[in-house]
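Below: one structure, written as structure tokens.
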Amino acid sequence: MKREDALTNKMSSISDRYHEVEKLVGDPDVIKDARRYRDLMREYKRLESIVQHHTLLLSLEKDLDQVEEWLKGDDADFKALAQEERPDLERRLLEAYEKAKIMLLPRDEVDDRPVMIEFRAGTGGDEAAIFAGDLFRMYQKHCTEKGWAWILVNANEGTAGGFKEVVARVEGDGVYGWLKFESGVHRVQRVPDTESQGRVHTSAATVAVLPVAEAVDVDLNVSDIRRDTFRASGAGGQHVNKTESAVRLTHGPSGIVVECQDGRSQHQNYEHALEVLRTRLFERERERIAADQAQKRKSLVSTGDRSAKIRTYNFPQGRVTDHRIHFTSHALPSILGGDLTPVIEALRMAEQAELLASQN
7 MKREDALTNK MSSISDRYHE VEKLVGDPDV IKDARRYRDL MREYKRLESI
57 VQHHTLLLSL EKDLDQVEEW LKGDDADFKA LAQEERPDLE RRLLEAYEKA
107 KIMLLPRDEV DDRPVMIEFR AGTGGDEAAI FAGDLFRMYQ KHCTEKGWAW
157 ILVNANEGTA GGFKEVVARV EGDGVYGWLK FESGVHRVQR VPDTESQGRV
207 HTSAATVAVL PVAEAVDVDL NVSDIRRDTF RASGAGGQHV NKTESAVRLT
257 HGPSGIVVEC QDGRSQHQNY EHALEVLRTR LFERERERIA ADQAQKRKSL
307 VSTGDRSAKI RTYNFPQGRV TDHRIHFTSH ALPSILGGDL TPVIEALRMA
357 EQAELLASQN
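Under the working numbering, the first residue of the sequence shown carries the number 7, and numbering increases by one thereafter.
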């Protein structure tokens, strides 16, 4: 079979970089630099799986070389063994090469970060708020099943149920890399409980998945922030209506306003609000950079446009359709119950196919 020498050489270079980073993260001078140490630790963790795969590749190539030597020799038993093992070795090596190509694809440096996931009711009045609540619970179940931490940051409930707006923080390995294609407009087609004529209504809610920003990512001047407190409302315990524990932050230069009221104290709400503000500022800068690069690469999967309709949940037909990749599933109850893996895997495969094609 054809050897992927260039691929193996590239992985060898990455292995060299891995061992270099391994030394750097133990350097006291590097540890003192919070930003550099953080970035190196993330690089170290990311390169580790590539190095392990490189070791597997080298082992398979060595085994195949041995088999080919046996085929050239005179020993009948070794020849028979080589003829038996060669097809399986070639298959495994080919699969390893293909996996290596995917592992070496360009990646977003924030893929391993936790996220802020925001849900907002769109067109459709009360039904849109109810649908935003359905989406909130769908992602909550999905993230919980993956073993990730789901932390409610802020919620503004709808008058008939659901949420006008709700924000959660999700923590776990590779959270942003897994959920990043979920941003956009989600549309629902169903008969609302309030519909007396049995007519199907179309409503929408917006989902935004944002990588959490750290203090070193954003130069945030506290003097640019106006802080207001007010009495929290809704669920959360009796204390929420007795004290001004809710916090509203207004960032003067950007005009961004953040409210948090679901923490147990004013201090906790302030910290949550500050993190949300930092994250939105960080995302604004990322969007600016992405806009500059938009003409270089058009992606069907990641449009970068949160106003774009990405998915429809059709209740009469029991169907879920992702419009970016023409993916359709008739397992609507299962998907709304949190089983998003088939949809997200299809999106990830489409993204990988685009990136692989762009490199050829």
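Glycine is no exception: its CB is placed at the ideal position from the N, C-alpha and C atoms.
Beta carbon of residue i nearer than 7 Å to that of residue j
i	j	result
leucine 216	arginine 284	no
proline 259	aspartate 234	no
leucine 100	leucine 361	no
leucine 46	valine 31	yes
asparagine 162	lysine 170	yes
serine 189	alanine 166	no
aspartate 69	leucine 87	no
alanine 210	threonine 129	yes
alanine 102	leucine 66	yes
alanine 252	glutamine 267	yes
valine 181	phenylalanine 125	no
glycine 324	leucine 346	no
CA-to-CA distance, residue j to residue i, given in whole angstroms
i	j	result
glutamine 358	arginine 113	10 Å
proline 198	leucine 353	30 Å
aspartate 35	glutamate 26	15 Å
histidine 192	isoleucine 123	14 Å
glutamate 281	glutamate 291	16 Å
aspartate 71	arginine 44	41 Å
phenylalanine 142	alanine 127	11 Å
serine 55	lysine 186	21 Å
alanine 134	glutamine 272	30 Å
serine 115	aspartate 80	Sequence check: residue 115 is glutamate here, not serine. If you take the alpha carbons of glutamate 115 and aspartate 80, they lie about 53 Å apart.
phenylalanine 137	arginine 317	13 Å
glutamine 365	glutamate 91	33 Å
histidine 60	glutamate 28	17 Å
glutamate 250	tyrosine 276	12 Å
alanine 85	leucine 64	Residue identity differs from the one stated: residue 85 is lysine in this sequence, not alanine. Cα to Cα, lysine 85 sits roughly 22 Å from leucine 64.
asparagine 15	glycine 139	50 Å
glycine 168	aspartate 132	8 Å
arginine 9	isoleucine 341	42 Å
tryptophan 184	alanine 82	51 Å
histidine 329	valine 228	42 Å
isoleucine 37	aspartate 22	21 Å
histidine 278	phenylalanine 236	15 Å
alanine 219	glutamate 75	54 Å
alanine 297	arginine 286	16 Å
tyrosine 50	alanine 363	28 Å
threonine 212	arginine 254	22 Å
For residue i: DSSP bridge partner residues
i	result
arginine 325	Asn320
arginine 232	Thr256
valine 213	Phe125 and Gly190
arginine 9	Looking at the DSSP assignment, arginine 9 forms no beta bridge with any residue, so it has no partner.
alanine 174	Ile123 and Leu158
glutamine 195	Thr208 and Asn320
glycine 167	Thr165
serine 335	Val326
lysine 315	Val191
Own chain partners of residue i with C-beta closer than 6 Å, once the 5 adjacent residues on each side are dropped
i	result
valine 263	Thr256
aspartate 223	Phe288
phenylalanine 321	Arg196
alanine 314	Gly190
arginine 232	Thr256
alanine 238	Val246, Ser251, Ala252 and Gln267
glycine 269	Asn275 and His278
Nonlocal neighbours in the same chain, by C-beta distance under 7 Å from residue i, ignoring five residues either side
i	result
arginine 48	Asp118
threonine 150	Trp156
glutamate 177	Pro120, Trp154 and Ala155
alanine 241	Low confidence applies to alanine 241: its pLDDT is 48, below 50, so where it sits in the model is not reliable, and the reading given next is rough at best. Excluding positions up to five away in sequence, the list is empty.
glycine 344	Met144, Lys147, His148 and Glu151
valine 206	Gln195, Arg196, Val197 and Pro322
proline 348	Ser335
valine 73	Ala88, Glu91, Arg92 and Leu95
leucine 62	Ala102
arginine 42	Val36
Same chain only: Cβ atoms within 8 Å of residue i, ignoring 5 sequence neighbours per side
i	result
arginine 98	Leu66
leucine 77	Lys85, Ala88, Gln89 and Arg92
serine 18	His60
isoleucine 350	Trp184, Leu185, Phe187 and Glu188
glutamate 201	His207
glycine 261	none
lysine 105	His59
**Message:** Ignoring anything shorter than 4 residues, give me the alpha helix (DSSP H) runs that lie fully in the segment 109-163, in order along the chain.
**Reply:** 131-151
**Request:** Could you name each continuous alpha helix (DSSP H) segment of 4 residues or more that falls completely within the segment 7-95, going from the start of the chain to the end?
**Result:** As far as the segment 7-95 is concerned, its whole alpha helix (DSSP H) runs of at least 4 residues are 11-30, 34-38 and 40-78.
**Request:** Jot down the residue ranges of each uninterrupted beta strand (DSSP E) in the segment 250-297, minimum 3 residues, whole runs only, in chain order.
**Result:** Listed in chain order, they are 252-257 and 263-266.
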